[in-house]
Amino acid sequence: MQEFVFIMRMSQLVGRRIKEDPRDAVTPSHKFLIRGGYVRQVSAGIFSLLPIGKRIITKIEAIIREEMDRIDGQEVLMPVVLPAELWEESGRYASVGPELLRFKDRNGKDMILAMTHEEAVVHLLRSEVSSYKQLPVMLYQIQTKYRDEARARGGLIRVREFTMKDAYSFHTSQSCLEEYYQRAHEAYVRIFRRVGMVNTLSIESNSGMMGGKVSHEFMAVSEHGEDTIFVSPDYSYRANREVAYADWKFEKQSPLELEKVHTPGRESIEEVSEFLGLKPENTGKAVFYKDQDNNLIFAMIRGDFEVNESKLANFVKCPGLEYADDELIRSVGAEPGFASPMSIDRNKVRIVVDRSVAESSNLVVGANEKDYHYKNFNFDRDIKDVEVTDIATVREGDICPLTGQPLKLERGIEVGNIFQLGTKYSEAMNCRYLDENGKSQIPVMGCYGIGVGRTMASVIEQSHDEWGPIWPITIAPYQVQLCAINPKNAAVGDVSEQLYAAIKQAGVEVLYDDRGEKAGFMFNDADLIGIPLRLVVSAKNVENGQIEFKRRGAKDVELWPLDQVIDKIKSVIAEEYKKFA
RNA sequence: CGGGGUAUAGCGCAGUCUGGCUAGCGCAUUUGGUUUGGGACCAAAGGGUCGCAGGUUCGAAUCCUGCUACCCCGACCA
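Our numbering applies: residue 136 is where the first sequence begins, and numbers increase by one.
Now the structure itself:
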């Protein structure tokens with residue numbers, strides 16, 4: 136752990152507390168980070184850290200370093216500014232959208248601000264490692280990243296510039312990667328426990344633009360989270376909505392004859408099912424998407440389900456699906472609002488059917504003619520040569536595939552992720568080593584990220600009261616806050632100064648409120664800063680040779696004999712650390 | 001990128017509809033004094049190109065046009 140400034144006087148501390156909530160802050164973490172004097176916004180999604188905010192970040196980083204070193208990581212530092220050609224090698228210069236900030240240097244050379252460092256680490260490693268004897272290896276860094284987010288929000292929860300710990304491992308085999316992936320997972324569990332994130336879930340996730348197959352997200356459970364998670368009641372099943380599935384049961388009935396019905400002006404599932412006196416689950420829904428090349432994809436799902444665009448995008452291997460416009464839909468012979476998979480130009484459209492349609496009977500579908508639908512559509516009979524898969528979005532209450540219990544919905548903030556990347560980058564960027572037979576091989580990669588600022592914000596989301604954050608001792612800006620009520624009183628002033636010096640001597644981190652503010656004012660500031668342990672020096676107690684001790688968030692106070700304060704506070708601190716070991 | 005909103009002192013806001021003398025209020029700040037266990041009191045003081053650029057007018061924070069920044073919802077996305 137790096138050396139720290141152990142002590143600080145409040146009278147000298149830069150970063151004022153603010154009484155009122157900032158107008159534009161909505162989440163508790165955003166409000167308290169601003170009000171407590173931890174961070175200040177410079178531009179949308181771009182923040183400066185004030186001293187106590189920086190101390191928290193430094194402590195979180197120290198915990199991450201320890202755990203990365205424990206799983207044999209080697210710390211490096213790679214640049215924020217990278218040449219575009221490195222990203223051209225991997226193909227991401229073209230495939231990643233506008234969130235990658237591109238610019239030219241003075242010579243007109245294309246450059247980028249790195250949003251992640253797979254390319255940089257492969258560039259580094261391919262010239263340093265050439266033998267199987269050097270593998271496996273893991274490199275990590277704690278570095279600034281930039282993502283040109285369309286919409287920054289929620290204080291530190293979604294920002295454009297941020298600090299991230301990212302780690303990359305290289306292996307000679309998939310099994311070696313899988314073994315290491317497990318160790319990384321365990322390291323992450325330890326990290327989030329140690330920083331005091333009490334409610335973190337590791338869940339199955341969608342690999343998105345990173346490529347690769349197996350991946351997990353570490354979610355801080357919070358009502359202000361941006362991601363939707365489905366969990367079983369016992370939390371044995373946990374999955375992001377993007378990949379979650381349920382044990383859906385569908386029932387086949389004997390097919391009835393196809394029947395064309397007049398449904399004037401009824402376009403939506405609700406309108407059609409109500410008009411025909413049926414339920415939404417008796418209908419089939421058609422949703423049209425287009426890929427980047429303007430190719431039409433016809434997704435068909437039962438009327439009571441929603442298409443899961445992540446599942447669909449993964450299935451058709453196209454990351455950038457968009458809703459198709461009416462003109463494109465008509466160009467294949469379909470009628471928007473009354474679309475049917477039958478009687479359309481099969482050469483111009485790819486049809487993907489959800490199991491809910493394939494395994495149900497006698498559904499109402501469009502007739503590709505304005506104001507007409509068909510009743511009694513049956514997949515097996517009425518359509519041929521289409522792809523059937525799961526593209527349904529889980530709904531709260533759907534049955535868990537593992538436990539058979541109803542799934543419940545949670546919100547989460549993604550604070551970390553781990554991926555089994557495979558050879559996507561090492562292969563594209565020609566990273567090779569020689570195996571024991573002298574044969575050239577491509578290393579298998581894993582990557583592992585943690586958002587440091589987001590972690591700080593998430594801890595507040597999970598640990599605060601109406602007055603401010605309640606920091607775990609492991610990342611609190613100081614371990615102890617010392618408050619002097621009326622330090623102009625000679626006895627109070629003397630005892631406070633002596634205590635301050637003695638605490639420093641004992642190696643305890645203390646923030647000393649020496650300002651002589653009114654008690655209430657001082658206590659409110661202390662609560663807003665959220666240091667977990669508080670000592671108060673007052674005239675009344677000093678007269679009795681006593682000091683008051685209180686834990687942040689607790690109701691009760693203790694009175695400690697003055698000559699035992701140092702011993703007692705040290706033991707309380709040790710006890711607090713044990714809670715997060 | 002679509003929808004909605006905001007921009008006036010360090011922070012939070014009023015004033016704008018209905019144009020008018022010197023642009024206010026609370027908090028914070030400075031000075032002096034009194035206070036000191038859950039956001040004290042008295043007295044005095046400093047602090048503004050009213051987001052930017054044009055226009056209308058005798059006169060614009062206020063009306064008109066354009067722009068910019070920021071926030072919220074959505075789209076997109078590690």
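For glycine and all other residues, C-beta sits at the position ideal for the given N, C-alpha and C.
Keep in mind that this is a model prediction, so the values were computed, not measured.
Fill in: Distance CB(Leu248)-CB(Val216) smaller than 9 Å
Position 113 of the first sequence holds residue 248. Position 81 of the first sequence holds residue 216. Cβ atoms of Leu248 and Val216: closer than 9 Å.
Worksheet entry | Residues bridged to Lys543 [DSSP beta-bridge criterion] | Position 408 of the first sequence holds residue 543. Beta-bridge pairing links Lys543 to Val366.
Worksheet item: Sorted by chain position, which residues of the same chain lie with C-beta nearer than 8 Å to Asp362's C-beta, five sequence neighbours on each side aside?
Response: The residue labelled residue 362 in the question sits at position 227 within the first sequence. Around Asp362: Glu352, Met354, Asn375, Arg376, Arg546, Gly547, Ile548 and Glu549.
Discussion item. Assess contact between the stretch 566–576 and the stretch 278–287, defined as three or more Cβ pairs (one per stretch) separated by less than 8 Å. Is contact present?
Written reply: Touching, no, given that fewer than three Cβ pairs across the two stretches are closer than 8 Å.
Worksheet item: Val630 to Val672, Cα distance in whole Å?
Response: If you number the first sequence from 1, residue 630 lands on position 495. If you number the first sequence from 1, residue 672 lands on position 537. Their Cα atoms are separated by approximately 8 Å.
Worksheet entry | Which of helix, strand or coil DSSP assigns to Asn679 | The count along the first sequence starts at 1 and reaches residue 679 at position 544. Of the three classes helix, strand and coil, the one that applies to Asn679 here is coil, per DSSP.
Item to complete: Report buried or exposed for Tyr370, applying the criterion of at least 16 other Cβ atoms within 10 angstroms of its Cβ.
Response: Translated into positions along the first sequence, residue 370 becomes position 235. Counting Cβ neighbours within 10 Å, Tyr370 comes out exposed, since fewer than 16 surround it.
Worksheet item: For Val587 versus Ile192, is the C-beta spacing smaller than 9 Å?
Response: Indexing the first sequence from 1 puts residue 587 at position 452. Indexing the first sequence from 1 puts residue 192 at position 57. Result yes, Cβ atoms of Val587 and Ile192 sit closer than 9 Å.
Worksheet item: To the nearest whole angstrom, what separates the beta carbons of Ile169 and Pro186, a pair I think is in contact under 8 Å?
Response: Position 34 of the first sequence, counting from 1, holds the residue named residue 169. Position 51 of the first sequence, counting from 1, holds the residue named residue 186. Going by Cβ atoms, the distance from Ile169 to Pro186 rounds to 15 Å, so no, they are not a contact pair.
Practice prompt. To the nearest angstrom, report how far apart Val579 and Trp695 are at their CA atoms.
Written response: Start at 1 with the first residue of the first sequence, and residue 579 comes out as number 444. Start at 1 with the first residue of the first sequence, and residue 695 comes out as number 560. Here the alpha carbons of Trp695 and Val579 stand approximately 58 Å from one another.
Fill in: Run of the beta strand (DSSP E) containing Lys425, from where it starts to where it stops
For the purposes of this step, residue 425 is identified with residue 290 of the first sequence, where counting begins at 1. Looking at the DSSP string, the run of the beta strand (DSSP E) that includes Lys425 is Gly419 to Lys425.
Worksheet item: Out of Gly680, Thr162 and Gly171, which has the shortest C-alpha to C-alpha gap to Arg151?
Response: Sequence index remark: in the first sequence, residue 151 carries index 16 (1-based). In terms of CA proximity to Arg151, Gly171 leads the group Gly680, Thr162 and Gly171.
Worksheet item: Is His258 helix, strand or coil when you go by DSSP?
Response: For the purposes of this step, residue 258 is taken as the residue at position 123 of the first sequence. Helix.
Practice prompt. Report the rounded CA-to-CA distance for Phe385 versus His508, giving the unit in angstroms.
Written response: As a first step, residue 385 is located in the first sequence; it is residue number 250 there, counting from the start. As a first step, residue 508 is located in the first sequence; it is residue number 373 there, counting from the start. Taking C-alpha positions only, Phe385 is separated from His508 by approximately 22 Å.
Item to complete: Assuming Ser491 and Ala527 form a contact by the criterion Cβ under 8 Å, report the distance between their Cβ atoms to the nearest whole angstrom.
Response: Numbered from its first residue, the first sequence carries residue 491 at position 356. Numbered from its first residue, the first sequence carries residue 527 at position 392. A Cβ-Cβ separation of about 6 Å places Ser491 in contact with Ala527 under the 8 Å criterion.
Discussion item. Relative to the C-alpha of Ala197, which candidate in Val330, Leu274, Asn429 and Asp702 has its C-alpha closest?
Written reply: For the purposes of this step, residue 197 is taken as the residue at position 62 of the first sequence. Among Val330, Leu274, Asn429 and Asp702, the Cα nearest to that of Ala197 belongs to Val330.
Item to complete: To the nearest angstrom, report how far apart Lys395 and Pro415 are at their CA atoms.
Response: Translated into positions along the first sequence, residue 395 becomes position 260. Translated into positions along the first sequence, residue 415 becomes position 280. Each residue's alpha carbon lies about 18 Å from the other.
Item to complete: Using 10 angstroms around the beta-carbon of Lys244, count the other beta-carbons present and answer buried if the total reaches 16, otherwise exposed.
Response: Counting from one through the first sequence, the residue named residue 244 turns up at place 109. Per the 10 Å Cβ criterion, exposed.
Worksheet item: Under three-state DSSP, which class holds Val349?
Response: In the first sequence, residue 349 corresponds to position 214, counting from 1. If DSSP states are grouped into helix, strand and coil, Val349 belongs with coil.
Discussion item. Just to confirm before moving on: does the CB-CB distance between Asn417 and Gly400 stay below 9 Å?
Written reply: Translated into the one-based positions of the first sequence, residue 417 becomes position 282. Translated into the one-based positions of the first sequence, residue 400 becomes position 265. Their beta carbons are not under 9 Å apart, which means Asn417 does not touch Gly400 by this criterion.
Discussion item. In the DSSP output, what is Lys446 paired with across the bridge?
Written reply: Taking the first sequence and counting its residues from 1, the one referred to as residue 446 is at position 311. Bridge pairing for Lys446: absent [DSSP].
Worksheet item: Exposed or buried, Lys714, counting other C-beta atoms within 10 Å across all chains shown (16 or more means buried)?
Response: What you label residue 714 is simply residue 579 of the first sequence in a count that begins at 1. By the Cβ-count criterion, Lys714 is exposed, with fewer than 16 other Cβ atoms from all chains shown falling within 10 Å of its own Cβ.
Worksheet item: Which partner residues does Ile553 have in the DSSP bridge list?
Response: Along the first sequence, one-based indexing puts residue 553 at 418. DSSP lists His351 and Tyr583 as partners of Ile553.
Discussion item. Beta-carbon within less than 6 Å of Tyr323's beta-carbon, same chain only, minus the 5 sequence neighbours each way: which residues are those?
Written reply: Residue numbering aside, residue 323 sits at position 188 when the first sequence is read from its first letter. The residues Phe353 and Gly551, in chain order, have a CB closer than 6 Å to that of Tyr323 in the same chain once the five nearest residues on each side in sequence are set aside.
Discussion item. For a test of the three-state rule: what should DSSP assign to Arg669, helix, strand or coil?
Written reply: Counted from its first residue, the first sequence places residue 669 at position 534. In the structure shown, Arg669 sits in a strand (DSSP, three-state: E or B).
Item to complete: Can you say whether Phe238 is buried or exposed, counting buried as having 16 or more other CB atoms within 10 angstroms of its CB?
Response: Here residue 238 corresponds to residue number 103 of the first sequence, with the count starting at 1. Phe238 should be labelled exposed.
Practice prompt. Starting from Asn375, trace the beta strand (DSSP E) both ways and give me its first and last residue.
Written response: Along the first sequence, one-based indexing puts residue 375 at 240. Residue range Arg373 to Asn375 is occupied by the beta strand (DSSP E) that includes Asn375.
Discussion item. Do Leu456 and Asp426 count as a contact pair if the criterion is CB distance below 9 Å?
Written reply: Residue 426 sits at position 291 when you count from the first residue of the first sequence. Residue 456 sits at position 321 when you count from the first residue of the first sequence. Result yes, Cβ atoms of Asp426 and Leu456 sit closer than 9 Å.
Practice prompt. Return yes when the Cβ of Asp207 is within less than 9 Å of the Cβ of Gly584, no when it is not.
Written response: Counting from 1 along the first sequence, the entry for residue 584 is found at position 449. Counting from 1 along the first sequence, the entry for residue 207 is found at position 72. When the beta-carbon positions are compared, Gly584 and Asp207 stay at least 9 Å from each other.
Item to complete: Pick helix, strand or coil for Gly501, following the three-state DSSP scheme.
Response: In the first sequence, the residue the question calls residue 501 occupies position 366. Reduced to three states, the DSSP call for Gly501 is strand.
Item to complete: Compare the C-alpha of Ile364 against each of Pro390, Trp383 and Thr335 and name the closest.
Response: Taking the first residue of the first sequence as position 1, residue 364 is located at position 229. Shortest Cα-Cα distance from Ile364 to any of Pro390, Trp383 and Thr335 involves Thr335.
Item to complete: Could you tell me which uninterrupted alpha helix (DSSP H) segments, each at least 4 residues in length, are contained entirely in the stretch 214–270, listed from first to last along the chain?
Response: Here the runs fully enclosed are 219–225, 227–230 and 253–261.
Worksheet item: Do three or more CB pairs link the stretch 657–665 to the stretch 596–609 at distances below 8 Å?
Response: They touch, by the three-pair rule.
Worksheet entry | Own chain partners of Met344 with C-beta closer than 6 Å, once the 5 adjacent residues on each side are dropped | Sequence index remark: in the first sequence, residue 344 carries index 209 (1-based). Low confidence applies to Met344: its pLDDT is 44, below 50, so where it sits in the model is not reliable enough to give any reading.
Item to complete: Per DSSP, which residues does Pro696 bridge with? Please list them.
Response: On the first sequence, residue 696 is found 561 positions in, with the first residue counted as 1. Residue pairing of Pro696 in beta bridges, as defined by DSSP: Gln681.
Worksheet entry | Burial state of Gly232 (16 or more Cβ within 10 Å) | Along the first sequence, read from residue 1 onward, the residue named residue 232 stands at position 97. The residue is exposed, with fewer than 16 neighbouring Cβ atoms inside 10 Å.
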